[in-house]
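Residue numbers (our numbering), protein chains in the order written: chain A, 405 to 719; chain B, 532 to 818. Built from N, CA and C at the ideal position, the CB exists for glycine as well. Reviewing the structure listed below.
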């Protein structure tokens, strides 16, 4: 759906995005993840044709954004970081206007309008002036604006920013359901959001892509090894030696536990090895009951910090 | 374009700016008419038109200060520029909306002409000419205003700069009479223009060769003129400034003269500023 080739944007000497190459499939939900100022919004602005890249090309549905801007823009629904609303219009007037400038046919517009109002749940405020709406409702009106005309590609820049937790969950679910019919690209600097909603994540830092994969693979790939966190009832020394005897164990760290007569163990296995069964059997044989066993994947948060901080250290 | 036009027109009457423009214009216009024509029993309607022309200076900035300024400030330009409409349509839609409010306001003042026609002796051709000139000057002023509104995110700045720019066009005649007319100063002025254009081209293209070429070309033209027709430079500054005088040509209309070159002048003046506005918005994408 989107194909970006060597996208670069320079502001004078400052390089906002540096040689980005990525693509999305139809019907995919792709997340841009990165700290503030990483170049997420700039990239989105270039995809939508608001800005032009200093270098590189971008194709939407095989069409060059620069060469056939009108056709490309018809395919995109865009929610910028600040929803582009006219405060002196009512919700319905505003959406009518958006339908008109998007060139949506009258009949299509009328049928889709009710659906859009329903999906983002702003039907009740349709006659109110936008300036009197709460932040959450403004965000929804912005989202409704992006959905008008039912474009196949949705670009949402920080769609849940400034919303309360309940609204955030609603919007996330909404985006997930939109992902069934649309290709969605969203950006966020909030990690759980991206891992909750997106099928694929593109981590951007300082204008460069530092990693791209599914949230699950990313966490797996970067940890590189599987770790188990255990709480075992038994004396530390015995537990440690029994664990070390299991083939495939690389490292065992034993600590005192908060529970009496138990120890907390951090066990590191060799590459990609699942040792849960072996650990269970070994402990059972040694007579030390396992109280807690939990596989430890690096959370997206850990990965994000790892990637973005090492990147900063390099530069 | 129609969508932009309609929204902009609605915005004029959802915010105070449309009302301020109309009331300011009609209030002062009414006072001038009452004292200039009714009380003094004069049927000189072109005089009335000439005096409310000055009102443009104050009223046009009110009309245009919001146009593109507010879009940038509210970031709604992101909506417009990522919609499948052309920048030309956006600018023209807004321009025509401002022009529409202006024309409607002006149309109301035709009532005064009707009053004079009923009770006195109206110079019909001069009045019609005056209104045509009025319309053309309005087109030009609004074009300047929309250009200024594209340069800033602050409405107050937009209004003040527009006012200052229009004021300069207004006093161009006076400036023109005061500048030196000898050929040497004309020569220097021509050289300054050539250098100025070269510097502008250098900064917009970053090409030293292109800038140099313009300087060279300017120098060749100036030298050739000095050698063959030195008289061009006599009064050169004044002639150049006269080109920017919007009012001089207006006088013809109030005499009932419909000069084609004046019409073309005003229309191309407006078109130039609209074109610059479009270019300015387009350029922002690349900066």
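Would you tell me roughly how many angstroms separate the C-alpha atoms of residue i and residue j, rounded to the nearest one?
i: residue 718 of chain A; j: residue 442 of chain A; result: Legend: pLDDT at residue 718 of chain A = 41, less than 50; position of this residue unreliable, value from coordinates given subsequently. Their backbone Cα atoms lie some 16 Å apart in a straight line.
i: residue 716 of chain A; j: residue 683 of chain A; result: Since pLDDT at residue 716 of chain A reaches only 46, below the 50 mark, its modelled position is unreliable, and no value is offered.
i: residue 439 of chain A; j: residue 446 of chain A; result: 13 Å
i: residue 698 of chain B; j: residue 597 of chain B; result: 19 Å
i: residue 643 of chain B; j: residue 752 of chain B; result: 52 Å
i: residue 421 of chain A; j: residue 459 of chain A; result: 10 Å
i: residue 653 of chain A; j: residue 672 of chain A; result: 6 Å
i: residue 606 of chain B; j: residue 792 of chain B; result: 41 Å
i: residue 489 of chain A; j: residue 500 of chain A; result: 12 Å
i: residue 736 of chain B; j: residue 726 of chain B; result: 15 Å
i: residue 514 of chain A; j: residue 616 of chain B; result: 21 Å
i: residue 629 of chain B; j: residue 669 of chain B; result: 10 Å
i: residue 748 of chain B; j: residue 813 of chain B; result: 29 Å
i: residue 510 of chain A; j: residue 527 of chain A; result: 19 Å
i: residue 596 of chain A; j: residue 542 of chain B; result: 41 Å
i: residue 455 of chain A; j: residue 815 of chain B; result: 8 Å
i: residue 503 of chain A; j: residue 613 of chain A; result: 35 Å
i: residue 694 of chain A; j: residue 633 of chain A; result: 11 Å
i: residue 590 of chain A; j: residue 533 of chain A; result: 28 Å
i: residue 469 of chain A; j: residue 608 of chain B; result: 18 Å
i: residue 687 of chain A; j: residue 605 of chain A; result: 39 Å
i: residue 530 of chain A; j: residue 519 of chain A; result: 13 Å
So, at 7 Å on beta carbons, what are the nonlocal neighbours of residue i in its own chain, with the 5 sequence-adjacent residues on each side left out?
i: residue 701 of chain B; result: 588 and 778
i: residue 457 of chain A; result: 411, 412, 413 and 450
i: residue 767 of chain B; result: 717, 720 and 721
i: residue 658 of chain A; result: 640, 643, 644, 667 and 669
Which two residues bound the contiguous alpha helix (DSSP H) that contains residue i?
i: residue 484 of chain A; result: Per DSSP, residue 484 of chain A belongs to no alpha helix (DSSP H) and is neither H nor E.
i: residue 535 of chain B; result: 533-545
i: residue 648 of chain A; result: 640-648
i: residue 500 of chain A; result: 495-505
i: residue 616 of chain B; result: Looking at the DSSP string, residue 616 of chain B is not in any alpha helix (DSSP H), and its letter there is neither H nor E.
Under a CB-based cut-off of 7 Å, is residue i close to chain C?
i: residue 488 of chain A; result: The structure shown contains no chain C; its protein chains are A and B.
Name, please, each residue of chain B whose Cβ falls closer than 7 Å to the Cβ of residue i.
i: residue 452 of chain A; result: 613
i: residue 507 of chain A; result: 615
i: residue 474 of chain A; result: 615
i: residue 430 of chain A; result: Within 7 Å Cβ-Cβ: nothing; residue 430 of chain A doesn't reach chain B, min ~21 Å.
i: residue 484 of chain A; result: 606 and 609
Along the chain, where does the beta strand (DSSP E) containing residue i start, and where does it finish?
i: residue 696 of chain A; result: 694-700
i: residue 670 of chain A; result: 666-673
i: residue 427 of chain A; result: 418-428
i: residue 685 of chain A; result: Here residue 685 of chain A belongs to no beta strand (DSSP E); instead the alpha helix (DSSP H) covers 680-690.
i: residue 406 of chain A; result: 406-415
i: residue 461 of chain A; result: 459-464
Using alpha carbons as the reference points, say which of the options lies closest to residue i.
i: residue 689 of chain B; options: B/581, B/565, B/663 and B/601; result: B/601
i: residue 522 of chain A; options: A/549, A/507 and A/432; result: A/549
i: residue 678 of chain A; options: A/650, A/415, A/667 and A/454; result: A/650
i: residue 662 of chain A; options: A/635, A/647 and A/688; result: A/635
i: residue 659 of chain B; options: B/781, B/680, B/632 and B/540; result: B/781
i: residue 689 of chain A; options: A/699, A/419, A/647 and A/586; result: A/647
Using a C-beta to C-beta distance shorter than 7 Å, which residues of chain A count as neighbours of residue i?
i: residue 808 of chain B; result: By Cβ distance, chain A contributes nothing, its closest Cβ being about 18 Å from residue 808 of chain B, past 7 Å.
i: residue 534 of chain B; result: 501, 504 and 505
i: residue 538 of chain B; result: 501
Might you give, ordered along the chain, the residues of its own chain that have their beta carbon closer than 6 Å to the beta carbon of residue i, omitting 5 neighbours on each side?
i: residue 552 of chain B; result: 590, 593 and 594
i: residue 409 of chain A; result: 425, 460 and 461
i: residue 640 of chain B; result: 560
i: residue 703 of chain B; result: 772, 775 and 776
Going along chain B, which residues have a C-beta under 8 Å from residue i?
i: residue 492 of chain A; result: 542, 545 and 546
i: residue 392 of chain A; result: Look at the range of chain A in this structure, 405 to 719, and you will see that residue 392 of chain A is not part of it.
i: residue 581 of chain A; result: Near residue 581 of chain A there are no residues of chain B at all, since even the closest Cβ is about 24 Å away, more than 8 Å.
i: residue 456 of chain A; result: 816 and 817
i: residue 535 of chain A; result: Simply none; closest approach about 11 Å.
i: residue 549 of chain A; result: 610
i: residue 477 of chain A; result: 613, 614 and 615
Excluding the 5 residues preceding and the 5 following residue i in the sequence, name in chain order all residues of the same chain whose CB lies nearer than 8 Å to its CB.
i: residue 739 of chain B; result: 733
i: residue 809 of chain B; result: 618, 619 and 622
Strictly below 9 Å CB to CB, what residues from chain A border residue i?
i: residue 607 of chain B; result: 488, 489 and 490
i: residue 748 of chain B; result: By Cβ distance, chain A contributes nothing, its closest Cβ being about 30 Å from residue 748 of chain B, past 9 Å.
If the cut is a Cβ gap below 8 Å, which residues of chain A does residue i touch?
i: residue 627 of chain B; result: Residues of chain A passing the Cβ test: none, with the nearest at roughly 15 Å.
i: residue 630 of chain B; result: Ordered by position in chain A, no residue passes the 8 Å Cβ test against residue 630 of chain B, which lies about 20 Å from the chain.
What in chain B is Cβ-close to residue i, meaning under 9 Å?
i: residue 510 of chain A; result: Going along chain B, no residue has its Cβ under 9 Å from residue 510 of chain A, so there is no contact; the nearest lies around 12 Å.
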